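Chemist:
Number of protein chains: 2
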Amino acid sequence: MRRSIATVSLSGTLREKLEAIAAARFDGIELFENDFTHFTGSARDLGRMAQDLGLGIDLFQPFRDFEAMPEALFRKSLDRAERKFDLMQEMGAQLMLCCSNTSPAVIDDPDLAAAQLYELAERAARRNLRVGFEALAWGRVTNLYGQAWDIVRRANHPHLGLILDSFHTLSLRDDPSAIADIPGDKIFFLQMADAPWMQLDVLHWARHHRNFPGQGQLPVVPFLQRVLEAGYSGPLSLEIFNDVFRGTPNRRIAVDAMRSLLHLESEVRKLREAAAPGTPAAAPLQVELFSPPAAPELEGFSFLEFAAQGESAADLGRWLGQMGFERVGRHRSKAVDLYRQGGVNLIVNAQPGSVASQRFEAHGPSVCAWGLRTGSPLAAVNRATAMCSQRYDGPIGPSEMHVPAIVVPGGNLNYFVPAALGEMGLFEADFELAPVPEQPAVADLQHIDHLGLGLALDQRDTWVLFSRAVLGLETGDSVNIADPFGLVRNQAVFNAARSVRLVLNVSDSQRTRTARDARQQGGAAVQHIAFACADLVSTVRRLRERGVAFVPVSPNYYDDLPTRLDIEPALLQSLREAGILYDASADGAYLHIYTERFDGRFFFEFVQRIGGYDGQGGFNASARMVAQVDDPVGH
Amino acid sequence: MRRSIATVSLSGTLREKLEAIAAARFDGIELFENDFTHFTGSARDLGRMAQDLGLGIDLFQPFRDFEAMPEALFRKSLDRAERKFDLMQEMGAQLMLCCSNTSPAVIDDPDLAAAQLYELAERAARRNLRVGFEALAWGRVTNLYGQAWDIVRRANHPHLGLILDSFHTLSLRDDPSAIADIPGDKIFFLQMADAPWMQLDVLHWARHHRNFPGQGQLPVVPFLQRVLEAGYSGPLSLEIFNDVFRGTPNRRIAVDAMRSLLHLESEVRKLREAAAPGTPAAAPLQVELFSPPAAPELEGFSFLEFAAQGESAADLGRWLGQMGFERVGRHRSKAVDLYRQGGVNLIVNAQPGSVASQRFEAHGPSVCAWGLRTGSPLAAVNRATAMCSQRYDGPIGPSEMHVPAIVVPGGNLNYFVPAALGEMGLFEADFELAPVPEQPAVADLQHIDHLGLGLALDQRDTWVLFSRAVLGLETGDSVNIADPFGLVRNQAVFNAARSVRLVLNVSDSQRTRTARDARQQGGAAVQHIAFACADLVSTVRRLRERGVAFVPVSPNYYDDLPTRLDIEPALLQSLREAGILYDASADGAYLHIYTERFDGRFFFEFVQRIGGYDGQGGFNASARMVAQVDDPVGH
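Taken in order, these protein sequences are the chains called A and B.
Numbers given in this note's numbering equal positions in the first sequence, counted from 1, plus 29.
Numbers given in this note's numbering equal positions in the second sequence, counted from 1, plus 29.
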């Protein structure tokens, strides 16, 4: 499909916006007129600039408060339209968006609306231009696409068509099914927008909180299906009013925008391929949909990699040892150590000149990479690059294995490790492995349960879309957690089997630990790594015996717990003695405990899931946040 | 009145919160239980800590989902209550807040609710504790104070009373009049909260966007009047859930909180004093209301003061000269120059060791003070200090005048200049004045029309309350302006005569000019100074002849203008030639133009108001913001 985006969706000056849009490989733009009003060049200059960048001006928007007006206002609006047509011809735009009237002067008369739009289309036709009519969700009389289509049909002018916008339809919970019955060539343009569900007035919601398809909660995929079933063959375009995007560097947002459309197309294609032959969902389309490799089937974490050098690498090794990790190997060609316990592999990378060392120089000791096991790593990387992620190829030593990797938002590396290698195959190839000493279980770890990421506010939507489009993950509910310096919003992304979970944390406040960690590490920091254990109470007993320091939990917490949740007195007592936190849902329970932070940076969590508990103990995170107030910032 | 505040209203750990609350001179706290759950000390420790700080624990809150439940749940909740009563006795809290039930299990039966609350009160009474019942705005059955009062009345237990919260009543647009008829001694506690009007679901609105009385738009003053008319004599308390406050240093927020209550009391007192004797509004109360000096009657700007030294002071002097300001005097004892044109006095303060020089060292050339003319400067300063502002007394040289001053939020000084001195009296006393040369008018200035302030996000509510409580100003509408790097929210505060206007600007984005200026200058920066002229077109002509550089306006702006606003072609043509911006309302019009920035910092605006136009040309500010993209920040 031809792909387009409205200039209002990005930050920057008009020139910068166009450059970012072109760099993200869009075919065209919707010109949001306010961007032109303050542009220093002329309409002709703009047209030339767009052309030089290989961009068409697919839509000129918005033309407001036109249809169904008293005669005098109608005449005045026609003059106004002629001025806009002048501009469109100069800049080379052929389609104008006319959105439904919000003026108190509008008359509730579809025939009048049709007659006036007919005249507008007639004026446009004289110049070989076209007009598309769109129902705004807050239009005073016309706010549903069905009404707008009725008016367009009555007007019956070849230069007048319908413009659809997923937000305006889905925000009102209007049914998009009937779109499939509209003649495709009468749909002149399609704007796609997603949004989180909010109980907010629709105008405010629309102007501040839309986001790209795949970042929100609206059913955008079936919406696009219906439009394509109608036979639509025009551009697929994004018109996003979002306060955060307005303040985010436009190059990243433009890439997110493109990823969003590619993902959307591929999701529709997937549904079509699964549809029964002969059904409307399988009928041929007028457009070609993007066809990337399938999202990978992930089978869990293969390893996690820390960047650390010199003393900090030695300290980290000692800390891991205290928690029962054994140093079981050294890389054949690099200053890289492998630590292992149960099913968990941790790598400490101290190799000079590596990506890890760059990360260490920039951010100090930190997580710099992780590996995910999957059946076909190359397909996973190809999926990722098709979805606008960067591939990473590091230097490979003699007889070492090449493991494909990508760069995740914020700069960490995500390796895709062949599942066929099993838990240790990768390390047998690349590491000199020492025989593992027989010894009693210490922490008795099963696997990495989840990673907790601290994200800058403007990385949240980027990460949600990356998780869905590149890694094929689903999103969980959003939970608010009270940090002493602001609320933290917490949302998990995970695969269906729950063998890979990432927990995304953001806060509006700049002063929370989450915001500060994200800032210190370029917008996305792994704040903590959670290990799954079979029997947390005994694991914690053994770790405490070895001197591991955990975040203290207030006795008040345990006094309060039985007033909030049903819990056996004996279990409560053992949690209290061990300093373990507890949560429960209808499906099961969650026991967990946090270590102190390593060097004021990341920390570990040990968890035990019982039954079908599917969260991460959100409420309890406050216990840690209060205890971690160790570097106050002038509060 | 006794003054109290809920711990949830402030950021920080529980100890830090209590210290900030005590420092702001509150009498007591409401303990928000979550703050205690993660507190490392015991209930007894907390009680001691509060006592040491001179604070009572006036309320323990919240106790949820209690009344009108099936028997088994009711019994369980009684056990839960006993555990909370244990805590209350240990910490020394005598009143518990029980808020109306939000559980799906609640039964719609006021008699059952009354019976169960009776039992709860009976349990409380055995320990000499009390229970207050409050209607949550989102309570499942009970959400109006009238319903809650009906239940309390039915229960008829001396240890059970009503708790009122202005937010829960006013957010539902419920009528508070009937509160006056409730027996005052049955109202056990009063929580006051304000909020901006939002079309958002009430739970989300309540949990994230409340603010202190005087910062929002709810009719909190008449609400408090009704409660006092009922004969209420308990604490006046604040319970504010606000995402920004949670991330703001708690000392400042605690001072805002106290200022809010003092202002609220004084507003009620003012209404009572104006009420006709014999009416309920004039009947004696059970409490004493705060009685500060009246807010000052302001008569306009006397002067504006810049901090600048060395080359930057000389550059600034030359720049002012180019715009037609004459250097008319030098301070008798300080390195301070006076520039004047028409009715505008500008001071350039280069005095070493002064507050201005501290400001210059910290922030470079910038506005550091202004003077407002008023009939009684001392009363104005006394009003300000009564309302928790700091007084400033600088060094005074021989035979110089003492001008009382206060520190405004963010650190600038606000002088109150005796109106009796006239325009020049102050300067005749303190300055060696040179004879003003006869010369033709250059910019032909009348007065300072307004100051534009860039505020950090967390300074907005602080400034609104300061403007209302200390300076006696009113607030205008909030307008969104598109900066290329984010939306800027713009709101004016002004006196009734409009001789003093301040325009407050904030943005959520960290990357707008507004946010960056605020950050660079400690949270509140004067970004621009607007001068009123009688004939802007000729003023601009003369200024351009003298080489003054203005922000360029796109020709597209003038092409668009007549499609948005009715404007005479001749006026449009002269605006286009002069590069002047235009706005109009039903009451008049506004012509204005911005200079380039001085040293990348502040700039001037020249304005002409026609008729009753009462805004500041909000939409046009985008023209300037686009043109001022001179130091991009990695977009």
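Even for Gly, the Cβ is constructed at its ideal location relative to N, Cα and C.
Here the structure is a predicted model, which means the values were calculated and not measured.
1. Between which residues of its own chain and B:G608 is the CB-CB distance below 6 Å, once the five residues before and five after are set aside?
2. Any heavy atom of the ligand ZN closer than 7 Å to the Cβ of A:G213?
3. Is there a Cβ from chain A that is less than 8 Å from the Cβ of B:N63?
4. How big is the Cα-Cα spacing for B:W348 and A:E45?
5. Report the rounded CA-to-CA distance for A:N378 versus B:L43, giving the unit in angstroms.
6. Can you find a C-beta in chain B that's less than 8 Å from the C-beta of A:N585?
7. Listing by chain order, which chain B residues have their CB less than 7 Å from the CB of A:T624?
8. Roughly how many whole angstroms lie between the Cα atoms of B:R159 and B:L199?
9. Residues of the segment 638–656 of chain A with a CB closer than 7 Å to any CB of chain B: list them in chain order, please.
10. Note down the Cα distance separating A:S106 from A:F95, rounded to an integer number of angstroms.
11. Is A:A283 closer than 8 Å to A:A563 when the C-beta atoms are compared?
12. Counting only the same chain and skipping the five closest in sequence on each side, list residues whose C-beta sits under 7 Å from that of B:V181.
13. Using only CA atoms, which one of A:A448, A:Y147 and A:F523 lies nearest to A:V11?
14. Just the chain A side, please: which residues come within less than 7 Å of B:A134 by C-beta, in chain order?
15. Residues of the segment 535–547 of chain B in Cβ contact with chain A at a cutoff of 8 Å, in chain order, please.
16. Considering A:L367, what are the terminal residues of the beta strand (DSSP E) in which it resides?
17. For the segment 371–403 of chain B, enumerate the residues whose C-beta is nearer than 7 Å to any C-beta of chain A, in chain order.
18. Residues in its own chain within less than 8 Å of B:L565 by CB, not counting five upstream and five downstream?
19. Which word fits A:R626, buried or exposed, when buried means at least 16 other C-beta atoms lie within 10 angstroms of its C-beta?
20. The beta strand (DSSP E) that contains B:A35, what's its start and end?
21. Checking contacts by CB at 8 Å: is A:L516 closer than that to chain B?
22. Just to make sure I have the definition right: I need the residues of chain A whose C-beta is within less than 8 Å of the C-beta of B:H238. Which are they?
23. In its own chain, which residues sit with a C-beta less than 8 Å from the C-beta of B:D660, not counting the 5 before and 5 after it?
24. Along chain B, which residues have their Cβ under 7 Å away from the Cβ of A:V658?
25. What does A:P581 touch in chain B if you count any residue whose Cβ is under 8 Å from its own?
26. Taking a contact to mean a Cβ-Cβ separation below 8 Å, would you say B:P394 touches B:A337 in this structure?
27. In three-state DSSP terms, what is A:P242?
28. In the DSSP assignment, find the beta strand (DSSP E) that holds B:G339 and state where it starts and stops.
29. May I ask you to report which of helix, strand or coil DSSP gives A:G663?
30. Who are the neighbours of A:L229 on chain B, taking C-beta pairs under 7 Å?
31. Step through the CB atoms of chain A and report whether any lies within less than 8 Å of the CB of B:D272.
32. So, for A:P381: in the same chain, excluding its five sequence neighbours on each side, which residues have a beta-carbon less than 6 Å away from its beta-carbon?
33. For chain A, check one thing: does any of its Cβ atoms lie closer than 8 Å to the Cβ of B:R73?
34. Anything in chain B within Cβ reach of A:T66, meaning under 7 Å, just list it in chain order.
35. Any beta-carbon of chain A closer than 8 Å to the one on B:T131?
36. Mind checking the segment 275–286 of chain B against chain A and listing, in chain order, the residues whose C-beta falls within less than 9 Å of any C-beta there?
Modeler: The structure says:
1. F579 and V582
2. Within the structure as shown, the ligand ZN is missing, as the structure has no ligands at all.
3. So, interface residue.
4. 32 Å
5. 40 Å
6. yes
7. Chain B residues near A:T624: none, gap ~17 Å exceeds 7 Å.
8. 26 Å
9. S651, A652 and V655
10. C-alpha separation (whole angstroms): 6 Å.
11. no
12. F162, L189, G190, L191 and K215
13. Any answer about residue 11 of chain A is impossible in this case: the structure gives chain A only from 30 up to 664.
14. Per Cβ cutoff of 7 Å: no residues; B:A134 is ~15 Å from chain A at best.
15. S536, D537, S538, Q539, R540 and T541
16. V365 to Q370
17. none
18. Excluding sequence positions up to five before and after B:L565, its CB lies within less than 8 Å of the CB of A607, I609, L620, H621, I622, F635, V636 and Q637, all in the same chain and listed in chain order.
19. buried
20. R32 to A35
21. yes
22. Those do not exist, as B:H238 stays about 11 Å from chain A at its closest Cβ, beyond 8 Å.
23. The predicted position of B:D660 is uncertain, since its pLDDT is 46 and thus under 50; a value taken from the coordinates is nonetheless stated next. So the list reads G629, once near-sequence residues are dropped.
24. A:V658 reaches chain B at T42, counting residues in chain order whose Cβ is nearer than 7 Å.
25. T69
26. yes
27. When secondary structure is reduced to three states using DSSP, A:P242 falls in the coil class, being assigned neither helix nor strand.
28. Careful: B:G339 lies outside any beta strand (DSSP E), inside the alpha helix (DSSP H) at G339 to Q351.
29. Note on A:G663: pLDDT 33, under 50, position unreliable in the model; the coordinate value appears next. If DSSP states are grouped into helix, strand and coil, A:G663 belongs with coil.
30. Q228 and L229
31. yes
32. none
33. no
34. S583, N585, Y586 and D589
35. No - not a single Cβ of chain A is within 8 Å of the one on B:T131.
36. R275, G276, T277, P278, N279 and R280
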